[in-house]
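**Q** Got a structure for you, written out below as structure tokens; questions coming shortly.
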Amino acid sequence: MVSPGELRIIDELIPNGEYKPEISAEGTVSYPNVTQLLDDVDDDPADVLEHFATRGVLANEFVSKVYVCPECTTEGLQYTTVCSACGSAHAIETTVLEHVCGYAGPETEFDAADGYRCPDCEMDLESSDVDETDRYVCEECSEIFDIPDERLWCRECFSLFPPVDAIERVLYRYRLTADGEQWLDRQKDARQTIAEVLADRRFETEIDATVTDDGASRSVHVLAEDDLLDERRIVSIHETPDEERIDAFCAFANSIDAHPVVVTTSGAVEEGVAARADGSELTLLAYRENGAIETSYETVESADTHRQGFFQRLTAALEVPGKGQ
């Protein structure tokens with residue numbers, strides 16, 4: 001199923017070209033234009049875009065990568081270093097002095113009124129008596145070391161963890177493919193055609209309409225109402241309707257006292273959906289390549305498998321040159 005919100009984001013690419021990710025100062029990634037077009041019931045914008053890229057409707061182009069916390073999935077992690085012995089982040093790069101007696105410590109421990117004094121053997125020292133290096137000193141356990149361990153710090157849950165434990169997310173920009181444009185046309189044509197069919201039957205129709213149920217709003221592809229006869233239809237456009245989504249759609253239709261109408265743009269439905277249409281609770285129609293709406297359709301065992309095959313057949317057919325070419 002393509003939801004009304006998903007159809008909006010694909011349709012919007014015709015005039016606007018592409019969707020680019022935006023990264024805030026805190027590292028949060030968003031696709032604000034997509035978020036505005038999707039409905040609350042739709043999936044995360046990045047997941048929706050990637051779904052259509054996998055289908056071939058959209059093309060994705062690599063932008064960058066971000067990392068999220070494995071504990072709370074917050075984006076915008078901060079790099080830090082920690083003590084290699086105790087793991088504390090309170091490990092600071094410091095000037096360290098080492099005396100020939102073997103004692104090493106921060107330069108401040110050697111300070112004396114008239115020069116340096118070893119805090120271990122208490123010998124007064126000249127600067128030439130000590131080796132001076134920049135090393136890390138842990139303020140928690142006093143460990144001195146050359147190279148700290150690397151960590152990422154989550155600003156939300158304050159977890160510290162090795163970079164390899166962070167969840168990597170790849171960011172893309174998305175544009176509509178030629179095949180996707182043809183796919184979009186088919187979905188929109190099916191939606192427009194069923195709206196006109198219902199209008200011919202004296203229904204007042206609205207495309208991409210918002211329906212309210214107990215205060216909650218939800219978008220539908222087509223809303224058709226006949227106030228005189230107190231009848232209402234809501235329409236959902238699918239490629240290959242599957243049982244789970246149709247069950248949810250029928251439940252919503254029942255909650256607003258509307259009759260559900262489902263239009264398959266591939267001409268096929270899952271067997272369980274066909275069984276529901278055998279009764280009176282669901283009207284199931286097929287949109288044909290010639291633009292006709294029919295009541296006949298085929299059944300398939302798996303909607304996902306058929307949907308992938310249908311898209312491949314559709315795009316292949318579009319590549320066939322016309323007569324005279």
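Quick note on numbering: the sequence shown equals residues 1 to 325 in the UniProt record's numbering.
Glycine included, each C-beta is placed from N, C-alpha and C at the ideal position.
According to DSSP, what are the bridge partners of Ile92?
**A** The residue given as residue 92 occupies position 92 in the sequence shown. According to DSSP, Ile92 bridges with Val137.
**Q** With distances taken from CA atoms, which of Arg155, Tyr174, Asp149 and Phe161 is nearest Glu61?
**A** For the purposes of this step, residue 61 is taken as the residue at position 61 of the sequence shown. Per the Cα distances, Tyr174.
**Q** Count the C-beta pairs between the stretch 1–10 and the stretch 214–223 that are closer than 8 Å, then say yes if the count reaches three, no if not.
**A** The stretch 1–10 vs the stretch 214–223: in contact.
**Q** Indicate the three-state DSSP secondary structure (helix, strand or coil) for Asn60 in the structure shown.
**A** Here residue 60 refers to the residue found at position 60 when the sequence shown is read from its first residue. Looking at Asn60 - three-state DSSP - the assignment turns out to be strand.
**Q** Taking the continuous alpha helix (DSSP H) assigned at Glu45, which residues delimit it?
**A** The residue labelled residue 45 in the question sits at position 45 within the sequence shown. According to the sequence provided, residue 45 is Pro. The question's Glu does not apply to it. Taken as a continuous stretch (DSSP letters only), the alpha helix (DSSP H) holding Pro45 covers Pro45 to Arg55.
**Q** Under the three-state reduction of DSSP, which class applies to Gln325: helix, strand or coil?
**A** Looking up residue 325 in the sequence shown gives position 325. Its pLDDT being 39, under 50, Gln325 is placed unreliably in this model, and the value from its coordinates should be taken loosely. Here Gln325 sits in coil by DSSP.
**Q** Tell me the residue span of the alpha helix (DSSP H) that contains Ser255.
**A** As a working mapping, residue 255 is identified with position 255 in the sequence shown. Residues Glu243 to Ser255.
**Q** Pair every Cβ in the stretch 84–98 with every Cβ in the stretch 135–148, then say whether three or more of these pairs are closer than 8 Å.
**A** Contact holds: three or more Cβ-Cβ distances are below 8 Å.
**Q** Run through DSSP, which three-state label would Ala224 get?
**A** The residue labelled residue 224 in the question sits at position 224 within the sequence shown. Note: Ala224 maps to strand in three-state DSSP.
**Q** Mind checking whether the beta-carbon of Pro21 lies closer than 7 Å to any heavy atom of the ligand MN?
**A** Ligands in the displayed structure: none, and consequently the ligand MN is not present.
**Q** Can you tell me whether Thr73 is buried or exposed? The criterion is at least 16 other CB atoms within 10 Å of its CB, across all chains shown.
**A** Position 73 of the sequence shown, counted from the first residue, corresponds to residue 73. Exposed is the call here.
**Q** Could you give the DSSP three-state label for Asp278: helix, strand or coil?
**A** The count along the sequence shown starts at 1 and reaches residue 278 at position 278. In the structure shown, Asp278 sits in coil (DSSP, three-state: anything other than H, G, I, E or B).
**Q** Just to confirm my understanding: we take Asp146, look at its own chain, exclude 5 residues before and 5 after, and list those with CB closer than 8 Å. What are they?
**A** If you number the sequence shown from 1, residue 146 lands on position 146. Contacts found: Arg135 and Tyr136.
**Q** Once DSSP output is grouped into helix, strand and coil, what is the label at Arg151?
**A** Sequence index remark: in the sequence shown, residue 151 carries index 151 (1-based). Here Arg151 sits in strand by DSSP.
**Q** Does the stretch 7–25 come into contact with the stretch 182–202, if we say contact requires no fewer than three beta-carbon pairs (one atom in each stretch) closer than 8 Å?
**A** Taking 8 Å as the limit for Cβ pairs, the verdict is that the stretch 182–202 does touch the stretch 7–25.
**Q** Under 8 Å by Cβ, that's how I've got Thr180 and Gly56 pegged, so tell me the actual separation to the nearest angstrom.
**A** Here residue 180 refers to the residue found at position 180 when the sequence shown is read from its first residue. Here residue 56 refers to the residue found at position 56 when the sequence shown is read from its first residue. This sequence places Gly at residue 180; Thr is not what is there. With a Cβ gap of about 7 Å, Gly180 and Gly56 count as contacting.
**Q** So, under 8 Å CB-CB, Ile151 and Thr81 are touching, yes? Tell me the CB distance rounded to an integer number of Å.
**A** For the purposes of this step, residue 151 is identified with residue 151 of the sequence shown, where counting begins at 1. For the purposes of this step, residue 81 is identified with residue 81 of the sequence shown, where counting begins at 1. According to the sequence as given, residue 151 is Arg; it is not Ile. Correct: roughly 7 Å between the Cβ atoms.
**Q** Between Cys86 and Glu140, is the Cβ-Cβ spacing less than 8 Å?
**A** As a first step, residue 86 must be located in the sequence shown, where it is residue number 86. As a first step, residue 140 must be located in the sequence shown, where it is residue number 140. Contact: yes.
**Q** May I ask you to report which of helix, strand or coil DSSP gives Leu318?
**A** Translated into the one-based positions of the sequence shown, residue 318 becomes position 318. Legend: pLDDT at Leu318 = 48, less than 50; position of this residue unreliable, value from coordinates given subsequently. Three-state DSSP puts Leu318 in a helix.
**Q** Starting from Glu298 and walking both ways along the alpha helix (DSSP H), at which residues does that stretch end?
**A** Counted from its first residue, the sequence shown places residue 298 at position 298. Here Glu298 belongs to no alpha helix (DSSP H); instead the beta strand (DSSP E) covers Glu298 to Val300.
**Q** What would DSSP say about Phe110, mapped onto helix, strand or coil?
**A** As a first step, residue 110 is located in the sequence shown; it is residue number 110 there, counting from the start. Residue state, collapsed to three classes: helix.
**Q** Report the option in Ser24, Ala251 and Asp47 whose CA atom is closest to the CA atom of Asp213.
**A** Mapped onto the sequence shown, residue 213 falls at position 213. Taking only the C-alpha atoms, the option nearest Asp213 is Ala251.
**Q** Answer yes if the stretch 195–207 comes into contact with the stretch 263–272, meaning at least three C-beta pairs across the two stretches below 8 Å, and no otherwise.
**A** Taking 8 Å as the limit for Cβ pairs, the verdict is that the stretch 195–207 does not touch the stretch 263–272.
**Q** Three-state secondary structure (DSSP) at Arg169?
**A** Residue numbering aside, residue 169 sits at position 169 when the sequence shown is read from its first letter. Reduced to three states, the DSSP call for Arg169 is strand.
**Q** Between the Cα of Ile23 and those of Asp43, Pro119, Asp242 and Arg169, spot the shortest distance and give me the residue it belongs to.
**A** Here residue 23 refers to the residue found at position 23 when the sequence shown is read from its first residue. Closest option to Ile23, Cα to Cα, is Arg169.
**Q** So, is Pro15 buried or exposed, given that buried needs 16 or more other C-beta atoms within 10 angstroms?
**A** To locate residue 15, count along the sequence shown from 1; it is residue 15. Exposed, by the Cβ-count rule.
**Q** Could you tell me whether the Cβ atoms of Val222 and Thr210 are closer together than 8 Å?
**A** Indexing the sequence shown from 1 puts residue 222 at position 222. Indexing the sequence shown from 1 puts residue 210 at position 210. Contact: no.
**Q** Spell out the partners DSSP gives Arg233 in its beta bridges.
**A** In the sequence shown, counting from the first residue as 1, residue 233 sits at position 233. DSSP output for Arg233 lists Ala224 and His259 as bridge partner(s).
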